[in-house]
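J.: One structure, pasted below without further comment.
2 protein chains.
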Amino acid sequence: MKKLADYVVGNVERFGSHRMTREDVIEFASRFDPQPFHLDDLAAAVNPIFGRLAASGWHTASATMRMLVDHARQTGFTAMGSPGLKSLRWITPVYPGDVLSVESEILDARQSKSRPEIGLVEARTTTFNQHGETVMSMIATTVVPA
Amino acid sequence: MKKLADYVVGNVERFGSHRMTREDVIEFASRFDPQPFHLDDLAAAVNPIFGRLAASGWHTASATMRMLVDHARQTGFTAMGSPGLKSLRWITPVYPGDVLSVESEILDARQSKSRPEIGLVEARTTTFNQHGETVMSMIATTVVPA
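Chains B and D, in that order, are what the protein sequence lines are. The first sequence begins at 1283 in this note's numbering and counts up one residue at a time. The second sequence begins at 1283 in this note's numbering and counts up one residue at a time.
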């Protein structure tokens, strides 16, 4: 199992492919974010930010998490949880049919002072659409085995 | 329709009730966060942070969003989107059967300098479990009609 020392500060990886289907966009929004511009074409058309039906930002974040988890599994990395995010920005709307991918950069990797058996890895995750536009960017901390 | 002037800095509201069922916890994790401690009792039991099967933090965030959207609708407030979060902290694990609720405090409400037709409302949202423990806290900005 990979450990803290295997996380190299400055390392950048690009991976993932997640299609945001219209069905998934509407289903996620129906359950968790039922604002009109995530559910209804006409309501979205008059929204000055979206212009047409767009995915919930929480759906984009969750899809990004799925790519991160899949990539970690494929490369042998194991997380133990997360204390949270320093920031999260929704930059460009995500529309039905968009195919998302991810770039992850390790910003910091250190041993916990209070719990030396765990490490804390800080990474910037940038989510792109199929046009190469940044749709979301976040800085999150992950707990890993020290 | 309520507008920027209706958001009062310092105003605190408490609302919502969202049960995190075991089925929902596993289904969300299967789709978006398939780490072992969100899916499997035995894997969760040996995780030092969770100790037993726990919800994905993205599920907790999404459930919180649902409570925010429902409350906004009930009170006549309409958001137009969000540029993102200043911070998000996952503080206490959320376990199957937990019932979540929310406290929201308006921290700032101002007109956009670049787009005077919109307002930007910053709020701290705190999510509690049924024991009154804080499970999540975030500071988010919402776009509203000016």
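Here a beta-carbon is modelled for each residue, glycine too, at the ideal position from N, C-alpha and C.
1. Does DSSP put residue 1404/B in a helix, a strand or coil?
2. CA-CA distance, residue 1311/D and residue 1352/B?
3. I'd like to know whether the C-beta atoms of residue 1291/D and residue 1389/D end up nearer to each other than 9 Å.
4. I need the straight-line Cα distance from residue 1361/B to residue 1304/D, nearest angstrom please.
5. Going along the chain, which residues of its own chain have a beta-carbon closer than 7 Å to the beta-carbon of residue 1345/B, five neighbours each way excluded?
6. Could you tell me which chain B residues have their CB closer than 8 Å to the CB of residue 1331/D, listed as they occur along the chain?
7. Among 1416/B, 1378/B, 1425/B, 1384/B, which has the Cα closest to the Cα of residue 1396/B?
8. Taking residue 1284/B as the query, report the chain D residues whose CB atoms sit under 9 Å from its CB, ordered along the chain.
9. Can you pull out the residues from the segment 1363–1386 of chain B whose beta carbon lies closer than 9 Å to at least one beta carbon of chain D?
10. Can you find a C-beta in chain D that's less than 9 Å from the C-beta of residue 1400/B?
11. Is it true that the CB of residue 1420/D sits closer than 9 Å to the CB of residue 1343/D?
12. Using a Cβ-Cβ cut-off of 7 Å (strictly less than) and excluding sequence neighbours within five positions of residue 1380/B, which residues of its own chain qualify?
13. Work out the CA separation of residue 1296/B and residue 1314/B for me, nearest whole Å.
14. Could you spell out where the beta strand (DSSP E) holding residue 1421/B opens and where it closes?
15. Over what stretch of residues does the beta strand (DSSP E) that includes residue 1294/B continue unbroken?
16. Could you name the residues of chain D that residue 1344/B contacts, counting a contact when the two beta carbons are closer than 9 Å?
17. When DSSP labels each residue in this structure, what does residue 1308/B get in the three-state scheme?
18. Provide the residue span of the alpha helix (DSSP H) that contains residue 1350/B, from first to last.
19. For residue 1364/D, which residues of its own chain have a beta-carbon under 7 Å away from its beta-carbon, when the five flanking residues on both sides are left out?
20. Check whether the Cβ atoms of residue 1336/B and residue 1398/B sit closer than 9 Å, and answer yes or no.
21. Rounded to a whole number of angstroms, what is the C-alpha to C-alpha distance between residue 1406/D and residue 1330/B?
22. By the criterion of Cβ-Cβ separation under 8 Å, what are the contact partners of residue 1403/D in chain B?
23. Shorter than 9 Å from the beta carbon of residue 1322/B to some beta carbon of chain D?
24. Which residue's Cα is closest to the Cα of residue 1372/B: 1371/D, 1366/D, 1372/D?
T.: Looking at the coordinates:
1. Residue state, collapsed to three classes: strand.
2. A direct Cα-Cα distance of roughly 12 Å separates residue 1311/D from residue 1352/B.
3. The Cβ atoms of residue 1291/D and residue 1389/D lie closer than 9 Å to each other.
4. Here the alpha carbon of residue 1361/B sits roughly 22 Å from the alpha carbon of residue 1304/D.
5. Hits under 7 Å: 1300, 1302, 1382.
6. Correct list: 1362, 1363, 1425.
7. Looking at 1416/B, 1378/B, 1425/B, 1384/B, the one whose alpha-carbon comes closest to that of residue 1396/B is 1425/B.
8. What residue 1284/B touches in chain D: nothing, since even the nearest Cβ is about 15 Å away.
9. Within the segment 1363–1386 of chain B, the residues whose Cβ lies closer than 9 Å to any Cβ of chain D are, in chain order, 1363, 1364, 1365, 1366, 1367, 1368, 1369, 1370, 1371, 1372, 1373, 1375.
10. Yes, because at least one Cβ of chain D sits closer than 9 Å to the Cβ of residue 1400/B.
11. Judged by their CB atoms, residue 1343/D and residue 1420/D are nearer to each other than the 9 Å cut-off.
12. Once the five neighbours on either side are set aside, the close Cβ partners of residue 1380/B are 1302, 1411, 1412.
13. CA-CA distance, residue 1314/B to residue 1296/B, rounds to 29 Å.
14. For residue 1421/B, the enclosing beta strand (DSSP E) has its first and last residue at 1416–1427.
15. It spans 1294–1301 - the beta strand (DSSP E) in which residue 1294/B sits, taken as one unbroken run.
16. Within 9 Å Cβ-Cβ: 1310, 1313, 1314, 1315, 1338, 1340, 1341, 1343, 1344.
17. Three-state DSSP puts residue 1308/B in a helix.
18. Per DSSP, residue 1350/B belongs to the alpha helix (DSSP H) from 1339–1357.
19. The answer, listed in chain order, is 1422, 1423, 1424, 1425.
20. For residue 1336/B and residue 1398/B, no; Cβs fall outside 9 Å.
21. For residue 1406/D and residue 1330/B, the distance between alpha carbons rounds to 25 Å.
22. Below the 8 Å Cβ cutoff, chain B contributes no neighbours of residue 1403/D, its closest Cβ being approximately 14 Å away.
23. So no, residue 1322/B is outside the interface.
24. Ranking 1371/D, 1366/D, 1372/D by Cα distance to residue 1372/B puts 1366/D first.
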